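J.: Got a structure here, written out as structure tokens. Questions coming.
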Amino acid sequence: QGLLTPVSLQKTHASTPWLESALGQLFSPLIRLSLTRPGFAVICGTTLITIVVTFFGTLSLKRDFLPAFDEGATQVNLYASPGTSLDTMREISQMADAKFQTLLKSPSRPDNPLLDITCKMGRAELDEHIMGVHVAEYVMTLSPQASISRDEMIQTLTTAVEEIPGVQHEIEQPIAHLISHMLSGVSAQIAIKVFGDDLEELKLVAEEIRKSIETIPGIAEPFVEQQQLVPQLRFELDYQALATYGLTAREAIQLIETAMQGRVVSQFSEGQRTFDILLRMDDQYRQDLGQLHRLHVDLPGGATTVLGTIAKIEQGAGPNTINREKARRRIVVRVNTLGGDMGGIVRQIQDRVGREIDLPHGYYVTYGGQFEARQSAQKQILWFSLISMLAVGAVLYSAFPSISAVMQILAAVPTAFIGGVAALVSTDQSLSVAAMVGFISLAGIATRNGLLLMGTYQELKQQHGLSQEMILRGSLERLAPVLMSSLTTGLGLLPLMIGGTQPGKEMLYPVATVIVGGLVTSTLCEFLIRPGLYWFSQRK
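Under my numbering, the sequence shown is numbered contiguously, ending at residue 651.
Pasting the structure below:
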């Protein structure tokens with residue numbers, strides 16, 4: 112009965128554009144196939160199997176927080192022991208300069224990979240990223256015409272800095288370095304945080320972790336946060352003596368601070384420039400315990416005494432920094448990846464640490480950095496996606512007051528999911544936050560196409576009743592709009608697909624890849640599955 116065509120459903124093709132007519136002839140057999148029970152069963156079975164395979168394939172995708180950037184620059188950080196003087200660091204920097212200069216591009220060496228090199232040692236105390244003068248930061252601009260890849264460049268730099276004695280190193284890209292620091296307070300993609308009470312025990316555990324994971328493929332050399340004992344002068348006030356001489360602890364501390372660190376007492380101007388006048392003891396006195404003991408202290412009433420009578424002064428050692436998190440002392444093992452699967456690398460690290468490291472009682476390990484940010488972002492996106500789908504379902508139900516109709520429209524989402532995952536796999540991309548955003552956008556586009564077809568079916572059904580020819584006509588009427596909608600979206604994203612790994616396009620490349628790939632499968636399934644799905648659901 113459904114194969115008979117009422118007169119009112121007949122459509123003249125005299126004025127149909129040739130392209131639309133050709134597409135109609137191409138898709139008509141597929142639509143008719145989906146309207147037969149055997150054909151619909153085969154199509155649905157194949158689609159369901161593909162969806163299941165795609166779901167499990169998603170579990171094997173590489174996982175990263177952000178897509179890999181090609182910033183066109185590399186940052187090399189050199190770490191000497193805390194307390195290293197600026198003069199010593201300059202000597203170390205000169206050794207590094209000599210090695211890096213051999214990679215610098217010049218008229219005599221046009222094929223070398225580096226365009227320029229800049230270096231700075233230490234950062235000011237009010238800087239967002241405080242560092243002592245024992246740290247040297249090199250930023251190197253890479254030549255776009257370089258014959259070696261970024262990974263090969265990193266390996267070359269690693270070999271060069273490993274020849275410098277007495278320093279540790281980290282190699283990363285400048286923006287990626289800043290992103291890692293902003294996310295977790297640690298300038299590394301993966302931060303292995305060890306919590307405990309004793310600094311020496313923490314250092315031993317951190318070193319064991321570093322040795323355990325350094326052979327994992329796909330990571331740069333792990334780096335243990337520098338928390339070391341450095342020489343210190345300790346001043347212990349004698350409060351009974353202070354009371355005897357009529358002094359307060361604040362006055363004594365101010366005197367010691369002025370003598371050792373200096374205090375601004377005035378300013379003078381020279382032209383447009385203003386300079387502070389700093390009062391401080393000479394270096395020879397600050398480094399001599401005998402001289403410090405004999406430092407004169409003014410007393411109330413005009414008398415004087417020496418510092419040794421009101422304070423105990425001795426040499427000692429203390430940590431160069433004290434890092435705490437959640438009220439617990441912690442030390443960090445920093446790890447950067449070499450463009451590999453961050454999620455897979457973290458799983459390997461967790462496995463090795465769990466198997467090979469015996470933590471003392473009360474000590475524990477957590478994982479932060481971009482890995483932690485990716486997990487948090489993934490959970491938020493999944494929850495917001497669920498809420499969005501529920502909201503879309505509610506809107507669809509207001510337009511089509513039928514659970515069956517709503518579910519049929521939303522069936523486009525998993526079919527689009529197939530193409531999105533296939534596109535990521537074929538382009539060797541990871542499942543990043545950008546790719547997840549692409550999946551959310553793709554779900555909206557696929558739902559819109561299903562809404563077009565469902566609305567046409569419902570309108571024709573009210574006018575002419577349910578029949579296979581009615582479904583065929585509705586599908587062919589919406590064939591051009593659906594294809595044009597998908598095609599214009601795909602063409603609009605094409606510039607992001609071409610050369611997507613070029614600097615500046617990395618963030619949107621996964622978004623475009625997912626949407627374009629998903630549109631291919633969802634558009635095809637619109638005319639393979641939806642006609643039969645509507646026909647058999649309405650007949651019941």
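Glycine included, C-beta positions come from ideal geometry on N, C-alpha and C.
Predicted, not measured: the structure shown is a model, and the values here were computed from it.
1. How should Lys322 be labelled, buried or exposed, when 16 other C-beta atoms within 10 angstroms of its C-beta is the threshold for buried?
2. With distance defined between alpha-carbon atoms, name the residue in Leu535, Arg148, Lys173 nearest to Arg485.
3. Determine the extent of the alpha helix (DSSP H) in which Asp208 is found, giving its start and end residues.
4. Here's a check: name, in chain order, each residue in its chain whose Cβ is nearer than 7 Å to the Cβ of Gly233, leaving out the five neighbours to either side.
5. Would you report the Cα separation of Leu141 and Ser597, rounded to the nearest angstrom?
6. Suppose you measure from the CA of Lys122 to the CA of Met595; what does that come to, to the nearest Å?
7. In the DSSP output, what is Thr415 paired with across the bridge?
8. Please say whether Ile582 and Trp646 have beta carbons closer to each other than 8 Å?
9. Using only alpha-carbon positions, find the residue among Arg261, Ala184, Gly601 that is nearest to Pro285.
10. With distances taken from CA atoms, which of Phe176, Asp409, Gln426, Gly429 is nearest Thr420?
11. Buried or exposed: where does Val506 fall if 16 or more other Cβ atoms within 10 Å of its Cβ makes it buried?
12. What residue range is occupied by the uninterrupted alpha helix (DSSP H) comprising Pro149?
13. Within the same chain, show all residues whose beta-carbon is closer than 6 Å to that of Ala554, passing over the 5 residues directly before and after it, in chain order.
14. I need the DSSP call for Met264, collapsed to helix, strand or coil.
15. In three-state DSSP terms, what is Met565?
16. Straight-line CA distance for Leu344 to Glu311?
17. Quick check on this structure: which residue in Val305, Met547, Ser217 has the alpha carbon closest to the alpha carbon of Leu619?
18. According to the Cβ coordinates, are Ile529 and Ser145 closer than 8 Å?
19. So what does DSSP say about Gln378, is it helix, strand or coil?
20. So Tyr478 packs on Gln461, CB below 8 Å; how close in whole Å?
21. Starting from the N-terminal side, write out each stretch of the alpha helix (DSSP H) that is 4 residues or longer and does not extend beyond the region 520 to 570.
22. Are Gly601 and Leu630 closer than 8 Å when you measure CB to CB?
23. In terms of DSSP beta bridges, what is Cys230 paired with?
24. On the DSSP bridge list, what partners appear for Gly427?
25. Under three-state DSSP, which class holds Gln658?
26. Distance, Cα to Cα, Pro117 vs Gln489?
27. What does His575 pair with, by DSSP beta-bridge criteria?
28. Using only the alpha-carbon positions, how far apart do Pro328 and Leu449 sit?
29. Within its chain, find whatever has a CB closer than 7 Å to the CB of Leu366; leave out the 5 residues flanking it on each side and keep chain order.
30. CB-CB under 6 Å to Leu313, same chain, minus the five flanking residues each way: which ones, in chain order?
31. Could you give the distance in angstroms between the alpha-carbon of Val457 and the alpha-carbon of Gly168?
32. Which two residues bound the contiguous beta strand (DSSP E) that contains Arg445?
33. Do Gln372 and Asn431 have their C-beta atoms closer together than 8 Å?
34. Considering Val278, what are the terminal residues of the beta strand (DSSP E) in which it resides?
35. Can you check which of these residues, Ser515, Leu521, Ser487, Phe482, is closest to Leu501 by C-alpha distance?
36. Between which two residues does the beta strand (DSSP E) holding Tyr190 run?
T.: Taking the geometry as given:
1. exposed
2. Lys173
3. 197 to 212
4. Met242, Gly243, Val244, Val246
5. 19 Å
6. Here the model assigns Lys122 a pLDDT of 47, short of 50, so the residue's position is not dependable, and the following value carries that caveat. Looking at the two C-alpha atoms, the distance is approximately 21 Å.
7. Asp409
8. yes
9. Ala184
10. Asp409
11. exposed
12. 148 to 170
13. Val524
14. helix
15. helix
16. 21 Å
17. Met547
18. no
19. strand
20. 7 Å
21. 523 to 537
22. yes
23. Tyr249
24. Gln343
25. With the chain represented from 112 up to 651, any question about residue 658 goes unanswered, as that position is not in the structure.
26. Unreliable positioning characterises Pro117 in this predicted model, as indicated by a pLDDT of 46, which lies under 50. A coordinate reading is not provided.
27. DSSP, once it has assigned bridges, lists no residue as partnering His575.
28. 9 Å
29. Val408
30. Val305, Gly307, Ile442
31. 19 Å
32. 439 to 446
33. no
34. From DSSP, Val278 is part of no beta strand (DSSP E); its letter is neither H nor E.
35. Leu521
36. 184 to 190
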